[in-house]
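> If you read the protein sequences in the order shown, they are chains A and B. In this text, residue positions in the first sequence follow my numbering: the first is 1389, and each later residue adds one. In this text, residue positions in the second sequence follow my numbering: the first is 24, and each later residue adds one. After the structure tokens below, expect a handful of questions from me.
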Amino acid sequence: MIELHDVHKRLGTREILRGLTLKVPKGMNFVLMGPSGTGKSVTLKHVIGIFKPDRGTVHVDGQDVPSMDNQQLMALRKRMGYLFQNGALINWLTVAENVALPLKEHSRLPRSEVDDRVHQVLGMVGMDHAAQQFPPSISGGMKLRAGLARALVTNPEYVLYDEPNAGLDPIISHQIHELIAEVRDRLSVTGLIVTHSRACAVQCGDRIGILEAGKLAVEGSVDEMVRSEHPLAKAFLGGGAD
Amino acid sequence: MNPFAKLTDTLIVRAEGAGYVVNLLLRTFVVVPHLPRRWRFLLDNAFNAGVRALPVTMIVAAFAGAILAMQTGIELRRFGNSNVLGTITALSMCREMGPFITAVILAATVGSAIAAELGTMKVSDEIDALEVMSIDPVDYLVLPRVVAMAMMCPTLTVLSNLIGIYGGSVIAEQNLGVSPDLYWSSAIESLTSSGTLLPKEAYVGLFKALLFGVAIATVSCAAGLRARGGALGVGLAVQVAVRNSVILIIVLGFIVTWFFYFLD
Ligand SMILES: Nc1ncnc2c1ncn2[C@@H]1O[C@H](COP(=O)(O)OP(=O)(O)OP(=O)(O)O)[C@@H](O)[C@H]1O
Ligand SMILES: [Mg+2]
């Protein structure tokens, strides 16, 4: 379970998070929506300990994340996958090497097993044909899918998805949404998903929260949110929304 | 804002930056035992640095040697002492000019490239991605670059020295009427006379080059890792890297010469 309670965070001169409280129960996908620049990516970075809150608490499975030492943080991060906005691949490694990176650096798996596993996750995101290409030569959507493969390669218990369908065409988007839902159902992965897309929220989400002015403005199950009269919920999830 | 507060702010920012660089250097030393796992990146980086800097360094070194020979040759001719021209050119190339110009060119070519590369990685979340995978960016990115520069700066310096001395010999022969025989024999004698394996001038110069290489790489990595705010931030990081490298090269060069020649 991921729990943020009353998190405040100032970056530069602006206070980005102002009392954010959010709970992601085990085995669920929580969808975080909200206008650009409201701190959705910043929120994800708090969960995995890249940022520490100025005030408030962040817990994963009851453990306090900001107070973790390096060892504990490493242990936590081993259990978490993180899809960064735009993939964040290393440019001078091929797609396959990028995906293999978390396996190679820390586990003593034999090479053939690493290769098998990499091949398998690249297949899951539909990227096995591009395994030997370098990130600068592939499209944004392909980078994102490679990033998703890297997030899933270690069989994490938690995955943080930052805009998993940005720049994808509707067909591949649909496949990625199915993959995210499947990862939850089959591997009981807990997910925190940042997205602007109604389709993604409805297809992969169990609960939806909308972030505005540094805290959740409205939150509820997918059904509740789709029918909600709240103006933000209507803007993000109403009939006109994409 | 009053000027005094502004000055203190600037000083605090500078001190923070310097602290970050020193801290980064220490963290790099700590992970040196991991070097064998990074040999592929190390060789890549060393090769890139060599290829980037070699042509410019050679051209500049040749002219620097020529200038040195002209500059001192004019005065020596007045006193009728042209026969020591080889000695003076060789010694100043090896002790000061060779390491200095090599390092400045490395700062401009390789240092700027390092800052741009790591800066781009920083602003596109790639550094965070490494941390999330529990890969230490110092171990993975900084260490191979620092060691590559520590190797390449002295190597290129040796080449610069040779070419600089050669550049001086052209001037000596063409414009100052010093015979090549005399020039080269005095140059070689000055660099081998001390009876030790490596004369002091040469090893002081190479020691400087080593320090310069480490300094350029560390300062440039630090600038890149501290970049923020998109492409503009990357540009700023490059500027900071080159500026700080050049300042450090001059200050460290002074300190080393002072240490070896005036402190006894
Ligand atoms: N490391 C940082 N230092 C300073 N400011 C930052 C940093 N990271 C993010 N910010 C600022 O925090 C704010 C929120 O950023 P964040 O990336 O979380 O937005 P977002 O909700 O993910 O938006 P988008 O939908 O565009 O991705 C932005 O104004 C950004 O400029
Ligand atoms: Mg974002």
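Each residue gets a CB set at the ideal place from its N, CA and C atoms; glycine is no exception.
Report the three-state DSSP secondary structure of residue 1551 of chain A (helix, strand or coil).
Along the first sequence, one-based indexing puts residue 1551 of chain A at 163. Reduced to three states, the DSSP call for residue 1551 of chain A is coil.
> Looking at the structure shown, is residue 1417 of chain A part of a helix, part of a strand, or coil, going by DSSP?
On the first sequence, position 29 is the one that residue 1417 of chain A refers to. Three-state result, residue 1417 of chain A: strand.
> Let me check one thing: in DSSP terms, what residues is residue 1470 of chain A bridge-paired to?
For the purposes of this step, residue 1470 of chain A is taken as the residue at position 82 of the first sequence. Residue 1470 of chain A is bridged to A:1548.
> Per DSSP, which one or two residues make a beta bridge with residue 158 of chain B?
Translated into positions along the second sequence, residue 158 of chain B becomes position 135. For residue 158 of chain B, which the question treats as bridged, DSSP gives no partner whatsoever.
> With H, G and I counted as helix, E and B as strand and the rest as coil, what does DSSP make of residue 136 of chain B?
One-based indexing of the second sequence puts residue 136 of chain B at position 113. In the structure shown, residue 136 of chain B sits in a helix (DSSP, three-state: H, G or I).
> Starting from the Cα of residue 1476 of chain A, find the closest Cα among A:1431, A:1455, A:1531 and A:1591 and give me that residue.
Working through the first sequence from its first residue, we reach residue 1476 of chain A at position 88. Checking every option, the nearest Cα to that of residue 1476 of chain A belongs to A:1531.
> Is residue 1582 of chain A near ligand 2, in the sense that its beta carbon is under 7 Å from a heavy atom of that ligand?
Indexing the first sequence from 1 puts residue 1582 of chain A at position 194. Yes, ligand 2 has a heavy atom inside 7 Å of this Cβ.
> For residue 161 of chain B, tell me which candidate among B:89, B:243 and B:88 has the shortest Cα-Cα distance.
For the purposes of this step, residue 161 of chain B is taken as residue 138 along the second sequence, with counting starting at 1. Taking only the C-alpha atoms, the option nearest residue 161 of chain B is B:243.
> May I ask whether a heavy atom of ligand 1 can be found less than 7 Å away from the beta carbon of residue 1407 of chain A?
In the first sequence, residue 1407 of chain A corresponds to position 19, counting from 1. Outside the cutoff, so no.
> Could you name the residues, in chain order, whose CB is less than 6 Å away from a heavy atom belonging to ligand 2?
Checking every Cβ against the heavy atoms of ligand 2 under 6 Å gives A:1428, A:1429, A:1473 and A:1550.
> Looking at C-alpha atoms only, which residue of B:50, B:258, B:263 and B:241 is the closest neighbour of residue 173 of chain B?
Within the second sequence, residue 173 of chain B is the residue found at index 150, counting from 1. When only C-alpha atoms are compared, the closest one is B:241.
> What residues from chain B crowd round residue 1489 of chain A, counting only those whose CB sits closer than 8 Å?
The residue you call residue 1489 of chain A lines up with position 101 of the first sequence. The answer, in chain order, is 156 and 158.
> So which residues of chain A does residue 149 of chain B contact, with C-beta pairs closer than 7 Å?
Translated into the one-based positions of the second sequence, residue 149 of chain B becomes position 126. 1476 and 1478, listed in chain order.
> Give the secondary structure of residue 1503 of chain A by DSSP, where H, G and I count as helix, E and B as strand, and everything else as coil.
Taking the first residue of the first sequence as 1, we reach residue 1503 of chain A at position 115. If DSSP states are grouped into helix, strand and coil, residue 1503 of chain A belongs with the helices.
> Cβ atoms of residue 88 of chain B and residue 187 of chain B: under 8 Å apart, would you say?
Looking up residue 187 of chain B in the second sequence gives position 164. Looking up residue 88 of chain B in the second sequence gives position 65. Cβ distance < 8 Å, so residue 187 of chain B and residue 88 of chain B count as in contact.
> Using 8 Å as the limit for Cβ to Cβ distance, is residue 240 of chain B near chain A?
Looking up residue 240 of chain B in the second sequence gives position 217. Chain A contact via Cβ: absent.
> At which residue ranges does the stretch 39 to 84 of chain B contain complete beta strand (DSSP E) runs of 3 or more residues, listed in the order of the chain?
Here no run is fully enclosed.
> Once DSSP output is grouped into helix, strand and coil, what is the label at residue 187 of chain B?
Reading the second sequence from its first residue, position 164 is the one you call residue 187 of chain B. Helix, per DSSP.
> Determine, for residue 1522 of chain A, whether the minimum Cβ-Cβ distance to residues of chain B falls below 8 Å.
If you number the first sequence from 1, residue 1522 of chain A lands on position 134. No, no contact with chain B.
> Hey, which unbroken runs of the alpha helix (DSSP H) at 4 residues or more fall wholly within the stretch 204 to 270 of chain B?
Runs of the alpha helix (DSSP H) inside the stretch 204 to 270 of chain B: 223 to 248.
> What does residue 1494 of chain A touch in chain B if you count any residue whose Cβ is under 9 Å from its own?
Translated into positions along the first sequence, residue 1494 of chain A becomes position 106. In chain order: 156, 157 and 158.
> Say the cut is 7 Å; is the CB of residue 1400 of chain A nearer than that to a heavy atom of ligand 1?
Taking the first sequence and counting its residues from 1, the one referred to as residue 1400 of chain A is at position 12. Yes, the Cβ of residue 1400 of chain A comes within 7 Å of a heavy atom of ligand 1.
> Cutting at 7 Å between CB atoms, please list the residues of its own chain near residue 83 of chain B, excluding the five before and the five after it.
If you number the second sequence from 1, residue 83 of chain B lands on position 60. Cβ neighbours of residue 83 of chain B beyond the five flanking positions: 124 and 128.
> Is it buried or exposed, residue 74 of chain B, if we count other Cβ atoms within 10 angstroms and call 16 or more buried?
Your numbering for residue 74 of chain B matches position 51 in the second sequence. Exposed is the call here.
> Does any residue of chain B bring its CB to less than 8 Å from the CB of residue 1462 of chain A?
If you number the first sequence from 1, residue 1462 of chain A lands on position 74. It does; some Cβ of chain B falls within 8 Å.
> Count Cβ pairs between the stretch 221 to 236 of chain B and the stretch 30 to 43 of chain B that sit closer than 8 Å; are there 3 or more?
Too few Cβ pairs lie closer than 8 Å, so no.
> Below 8 Å, how does it come out for the stretch 178 to 194 of chain B and the stretch 113 to 121 of chain B: are there three or more Cβ pairs, yes or no?
Touching, per the Cβ criterion.
> According to DSSP, is residue 1609 of chain A helix, strand or coil?
For this step, residue 1609 of chain A is matched to residue 221 along the first sequence. Three-state result, residue 1609 of chain A: strand.
> DSSP has residue 1412 of chain A in a bridge; who is on the other side?
As a first step, residue 1412 of chain A must be located in the first sequence, where it is residue number 24. Residue 1412 of chain A is bridged to A:1390.
> On a Cα-Cα basis, can you pick out the residue from A:1428, A:1429 and A:1391 that is closest to residue 1411 of chain A?
If you number the first sequence from 1, residue 1411 of chain A lands on position 23. The candidate whose alpha carbon is nearest that of residue 1411 of chain A is A:1391.
> Just how far apart, CA to CA, sit residue 190 of chain B and residue 30 of chain B?
On the second sequence, residue 190 of chain B is found 167 positions in, with the first residue counted as 1. On the second sequence, residue 30 of chain B is found 7 positions in, with the first residue counted as 1. Approximately 46 Å, taken between the alpha carbons.
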